[in-house]
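Working notes, beginning with the structure itself.
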Amino acid sequence: MPLVSLLLAHETALRLAAFVAVFAAMAAWETLAPRRALELSRRERWPANLGVVILNTLLVRVLLPTAAVGVALAAQTHGWGLLNHFALPAWAALAAGIAFLDLAIYLQHVLFHAIPLLWRLHRMHHADLDIDVTTGARFHPLEIILSMLIKFAAIAALGVPPAAVVLFELLLNASSMFNHGNVRIPMAVEPVLRWLVVTPDMHRVHHSVERDETNSNFGFNLSLWDRLFGTYRAQPRAGHAAMNIGIADFRDRTECATLAGMLAIPFRGKRPDADATAPVAGDAP
Ligand SMILES: [Zn+2]
Ligand SMILES: [Zn+2]
Numbered sequence: 318m319p320l321v322s323l324l325l326a327h328e329t330a331l332r333l334a335a336f337v338a339v340f341a342a343m344a345a346w347e348t349l350a351p352r353r354a355l356e357l358s359r360r361e362r363w364p365a366n367l368g369v370v371i372l373n374t375l376l377v378r379v380l381l382p383t384a385a386v387g388v389a390l391a392a393q394t395h396g397w398g399l400l401n402h403f404a405l406p407a408w409a410a411l412a413a414g415i416a417f418l419d420l421a422i423y424l425q426h427v428l429f430h431a432i433p434l435l436w437r438l439h440r441m442h443h444a445d446l447d448i449d450v451t452t453g454a455r456f457h458p459l460e461i462i463l464s465m466l467i468k469f470a471a472i473a474a475l476g477v478p479p480a481a482v483v484l485f486e487l488l489l490n491a492s493s494m495f496n497h498g499n500v501r502i503p504m505a506v507e508p509v510l511r512w513l514v515v516t517p518d519m520h521r522v523h524h525s526v527e528r529d530e531t532n533s534n535f536g537f538n539l540s541l542w543d544r545l546f547g548t549y550r551a552q553p554r555a556g557h558a559a560m561n562i563g564i565a566d567f568r569d570r571t572e573c574a575t576l577a578g579m580l581a582i583p584f585r586g587k588r589p590d591a592d593a594t595a596p597v598a599g600d601a602p
């Protein structure tokens, strides 16, 4: 299948090109039609947020040279995983593989909020004092490595085809930058769009300092999972312009907007008011 060999042969170049193109497009959109006024300037947040992206890219290359696609190729060769037990047409295996991985990422995100030790890693993402395109790539290196290992296990267990893995990684990267974007989408389009995909207005609710709002809208690509599992929340109570972004007890710029401060966030002491893992009345189980 030419698509598969094309994707596999140029995976790194494709990923880099997609990242640069989507990043540039979102940054331009944020400048032309911003959704809300930012607390800090780009100059105050972007160096650290982009610094962690470079660090993560280098780290993954060194520590996990076998990329996710390597696991998918091994699963295919050895007949591991659910999808390799059915003689599905290539397009159906591709679609099922992408949908399975999207569900796996949704469930993983719920776990990163529910388990206190995992929340310590994930709270670096939430400690961003604003939300924009760079937040979409701001994850602690330990969270990146752990989620790569979880993804490897999901690919092997589900037998996701290699092409689906490459497409999903491209899609996840692009959609994460899109749904963290500080962009205005026309009022007539947004409600229609969010029936299919997670929109910026939908994911912004997840970055609210209000704990019950943080514990909603866990999806990254399809909005289906939040609707299906009862974690969907349409809008923030305070409205998009007035809502507060971040974590209540992580407001210090040195901690939240410098590379060294951000990397130390998982190792800081417990802050009960900042603990998003405590259950709140009305939350989904
Ligand atoms: Zn989260
Ligand atoms: Zn986020």
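With the numbering used here, letter number 91 in the sequence shown gets 408, and the count goes up by one each step, no holes.
Glycine is no exception: its CB is placed at the ideal position from the N, C-alpha and C atoms.
Computed from a predicted model, the values in this text were never measured in an experiment.
Simplified DSSP state of residue i, which is helix, strand or coil
{"i": "S525", "result": "strand"}
{"i": "L381", "result": "coil"}
{"i": "I448", "result": "coil"}
{"i": "L539", "result": "strand"}
{"i": "F456", "result": "coil"}
{"i": "I461", "result": "helix"}
{"i": "P351", "result": "strand"}
{"i": "F567", "result": "strand"}
{"i": "I502", "result": "coil"}
{"i": "I432", "result": "coil"}
{"i": "V477", "result": "coil"}
{"i": "V515", "result": "coil"}
{"i": "F584", "result": "helix"}
{"i": "P602", "result": "Confidence at P602 is low in this model, with a pLDDT of 36, below 50, so the placement of that residue should be treated as unreliable; the coordinate-derived value is given next. Of the three classes helix, strand and coil, the one that applies to P602 here is coil, per DSSP."}
Sequence-distant residues of its chain with Cβ nearer than 6 Å to residue i (five each side left out)
{"i": "Y423", "result": "F535, G536, W542"}
{"i": "N561", "result": "V526"}
{"i": "L390", "result": "P479"}
Beta-carbon proximity check, residue i vs residue j, cutoff 7 Å
{"i": "G414", "j": "P479", "result": "no"}
{"i": "V515", "j": "S540", "result": "yes"}
{"i": "N538", "j": "I461", "result": "no"}
{"i": "M441", "j": "H426", "result": "no"}
{"i": "L438", "j": "L459", "result": "yes"}
{"i": "D447", "j": "L580", "result": "no"}
{"i": "T571", "j": "G563", "result": "no"}
{"i": "R274", "j": "A565", "result": "In the structure as shown, the chain begins at 318 and stops at 602. Residue 274 is therefore absent and cannot be evaluated."}
{"i": "A444", "j": "I582", "result": "yes"}
{"i": "V369", "j": "R455", "result": "yes"}
{"i": "G453", "j": "H497", "result": "yes"}
{"i": "L513", "j": "A365", "result": "no"}
{"i": "M519", "j": "R528", "result": "no"}
Closest by C-alpha distance to residue i, when choosing among the options
{"i": "A474", "options": "L459, R353, L400", "result": "L400"}
{"i": "W346", "options": "E527, N490, V450, F469", "result": "V450"}
{"i": "P503", "options": "P351, L545, H327, F546", "result": "P351"}
{"i": "A416", "options": "L484, E361, A444", "result": "L484"}
{"i": "A409", "options": "L545, G476, A335, R359", "result": "G476"}
{"i": "F429", "options": "R585, L576, A559, T531", "result": "T531"}
{"i": "V526", "options": "P517, F567, M519", "result": "F567"}
{"i": "P553", "options": "H395, P517, G578", "result": "P517"}
{"i": "N499", "options": "W512, V509, K468, H524", "result": "H524"}
{"i": "F495", "options": "M343, S322, A330, E328", "result": "M343"}
{"i": "L355", "options": "R378, A558, S492, E507", "result": "A558"}
{"i": "P508", "options": "R521, H327, A551, S492", "result": "A551"}
{"i": "G586", "options": "R544, R353, W436, L349", "result": "W436"}
{"i": "A407", "options": "H395, A384, V321, L381", "result": "V321"}
{"i": "V522", "options": "R544, A505, Y549, L545", "result": "Y549"}
{"i": "V377", "options": "T329, V506, L545", "result": "T329"}
Integer-rounded CB distance, given that residue j should sit under 8 Å from residue i
{"i": "L420", "j": "A481", "result": "About 13 Å; that fails the 8 Å criterion."}
{"i": "F469", "j": "V388", "result": "5 Å"}
Nonlocal neighbours in the same chain, by C-beta distance under 8 Å from residue i, ignoring five residues either side
{"i": "R606", "result": "Nothing can be reported for residue 606: it is not among the residues displayed for the chain, which extend from 318 to 602."}
{"i": "S492", "result": "V514, V515, F537, N538"}
Neighbourhood of residue i by C-beta distance below 7 Å, restricted to the same chain and skipping five residues each side
{"i": "L367", "result": "T451"}
{"i": "A392", "result": "G398, N401, I472, A473, G476"}
{"i": "L325", "result": "V386, P479, V483"}
{"i": "F336", "result": "N490"}
{"i": "S464", "result": "Q425"}
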